[in-house]
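Colleague: This is the structure I want to talk about, given as structure tokens.
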Amino acid sequence: MIEILNPTELARARKTGALVGTVLQALKARSTIGTNLLDIDRWAKEMILEAGATSCYVDYAPSFGNGPFGHYICTSVNDAVLHGLPHDHELVDGDLLTLDLAVILDGFAADAAISFVVGETQAPERVALITATERALAAGIAAARPGARMGDISHAIELVLTEAGYPINLEFGGHGIGSTMHQDPHVSNAGRPGRGYKLRPGLLLALEPWVMADTDELVTDADGWTLKSATGAPTAHTEHTIAITSDGAEILTLSGAEH
Numbered sequence: 001m002i003e004i005l006n007p008t009e010l011a012r013a014r015k016t017g018a019l020v021g022t023v024l025q026a027l028k029a030r031s032t033i034g035t036n037l038l039d040i041d042r043w044a045k046e047m048i049l050e051a052g053a054t055s056c057y058v059d060y061a062p063s064f065g066n067g068p069f070g071h072y073i074c075t076s077v078n079d080a081v082l083h084g085l086p087h088d089h090e091l092v093d094g095d096l097l098t099l100d101l102a103v104i105l106d107g108f109a110a111d112a113a114i115s116f117v118v119g120e121t122q123a124p125e126r127v128a129l130i131t132a133t134e135r136a137l138a139a140g141i142a143a144a145r146p147g148a149r150m151g152d153i154s155h156a157i158e159l160v161l162t163e164a165g166y167p168i169n170l171e172f173g174g175h176g177i178g179s180t181m182h183q184d185p186h187v188s189n190a191g192r193p194g195r196g197y198k199l200r201p202g203l204l205l206a207l208e209p210w211v212m213a214d215t216d217e218l219v220t221d222a223d224g225w226t227l228k229s230a231t232g233a234p235t236a237h238t239e240h241t242i243a244i245t246s247d248g249a250e251i252l253t254l255s256g257a258e259h
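Using the UniProt record's numbering, you'd call the opening residue of the sequence shown number 1 and step up by one each time.
Next comes the structure, spelled out in structure tokens:
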């Protein structure tokens, strides 16, 4: 299913996006040395419920997971990159943490992820990973405009990641989003320009470049959910929900402070 939102629906989706962005930035500020991942999950739950929103993850049970997920946020540390199941782990100096959050508010979903290094030890390799995904996301957003093709977005993301020297895994990527978290069309992190679905105003997309430092192979953790790099190398993942508008793309998942 591909949904095209009307202006009233888009206004509602903007509120969801702002909530996601605000929660993520608040959680980032609270994620310091000694913070437990289970506390991050609890804080996310409190903020989501206080806002009158619903988690997209608690009852999430796709075929590839050991579902239901049962938590309010994905917390992926170091070699974990996607679907990180919160567990009893206290963050240490230099941990690379990815927070991935999706909620529904007033009938519409928004999905975003941020990666950052905890503490004072900012290892260059880890900072470079994060920067590459942020630059790739910006390139994908710049390519998203009415009349463009899905392949234009995918190709823009691919160019940045490959020029940075990272292999690209194509098992998981971005996706359409609207009244539900995951919809068509799929947004690969590599593609051919001029190919694929034609973008229209009112279309919402979650773009999510992610990389592993030296491999494109994922392995599943014993928890049945967390996806990690096969080599144990560090990873990073950055994501925004955007809306295609008449003159380009609007980022919905910025916090109030980022606007």
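Even for Gly, the Cβ is constructed at its ideal location relative to N, Cα and C.
Tell me the DSSP secondary structure of residue 92 in three-state form.
Modeller: coil
Colleague: In the DSSP assignment, the alpha helix (DSSP H) including residue 28 goes from what residue to what residue?
Modeller: 7-30
Colleague: Let me know the secondary structure DSSP gives residue 250 once reduced to three states.
Modeller: strand
Colleague: Using DSSP's beta-bridge definition, name the partner residues of residue 65.
Modeller: DSSP, once it has assigned bridges, lists no residue as partnering residue 65.
Colleague: Report the rounded CA-to-CA distance for residue 39 versus residue 195, giving the unit in angstroms.
Modeller: 44 Å
Colleague: Give the range of the alpha helix (DSSP H) segment to which residue 49 is assigned.
Modeller: 37-50
Colleague: Measuring CB to CB, does residue 139 end up less than 8 Å from residue 159?
Modeller: yes
Colleague: When DSSP builds the beta bridges, which residues end up paired with residue 117?
Modeller: 96
Colleague: Below 8 Å on the Cβ atoms is my guess for residue 141 versus residue 187; work out the distance and round it to an integer in Å.
Modeller: Not really, about 11 Å apart at Cβ, beyond 8 Å.
Colleague: Ignore the nearest five residues each way along the sequence and tell me which others in residue 83's own chain have a CB closer than 7 Å to its CB.
Modeller: 65, 74, 225, 226, 227
Colleague: Looking only at its own chain, which residues have a Cβ that is under 8 Å from the Cβ of residue 135, when we skip the five neighbours before and after it?
Modeller: 160, 164
Colleague: Buried or exposed for residue 229, please, with buried defined as at least 16 other CB atoms from any protein chain shown within 10 angstroms of its CB.
Modeller: buried
Colleague: So for residue 205, helix, strand or coil by DSSP?
Modeller: strand
Colleague: Per DSSP, what kind of secondary structure is residue 155 in: helix, strand or coil?
Modeller: Residue state, collapsed to three classes: helix.
Colleague: Give every residue of the same chain whose Cβ lies closer than 6 Å to the Cβ of residue 255, excluding the five residues on either side of it in the sequence, and list them in chain order.
Modeller: So the qualifying residues of the chain are 21, 22, 25.
Colleague: Could you tell me whether the Cβ atoms of residue 85 and residue 202 are closer together than 8 Å?
Modeller: no
Colleague: Between the C-alpha atoms of residue 61 and residue 174, what's the straight-line distance to the nearest angstrom?
Modeller: 18 Å
Colleague: Note down the Cα distance separating residue 250 from residue 244, rounded to an integer number of angstroms.
Modeller: Cα to Cα, the separation comes out at about 6 Å.
Colleague: What do you reckon, are the CB atoms on residue 240 and residue 76 nearer than 8 Å?
Modeller: no
Colleague: On the CB-based measure, 16 or more other CB atoms within 10 Å of its CB, does residue 234 come out buried or exposed?
Modeller: buried
Colleague: Give me the DSSP bridge partner(s) of residue 108.
Modeller: According to DSSP, residue pairing for residue 108 in a beta bridge involves 105.
Colleague: With C-beta atoms as the reference, is residue 129 less than 8 Å away from residue 207?
Modeller: At the C-beta level, residue 129 and residue 207 stay beyond 8 Å of one another.
Colleague: Would you kindly report the start and end of the unbroken alpha helix (DSSP H) that includes residue 140?
Modeller: For residue 140, the uninterrupted alpha helix (DSSP H) segment begins and ends at 124-143.
Colleague: Using the Cα positions of residue 252 and residue 217, report the straight-line distance between them to the nearest angstrom.
Modeller: Approximately 31 Å, taken between the alpha carbons.
Colleague: Just verifying my parser: in three-state terms, what is the DSSP assignment at residue 1?
Modeller: Note: residue 1 maps to coil in three-state DSSP.
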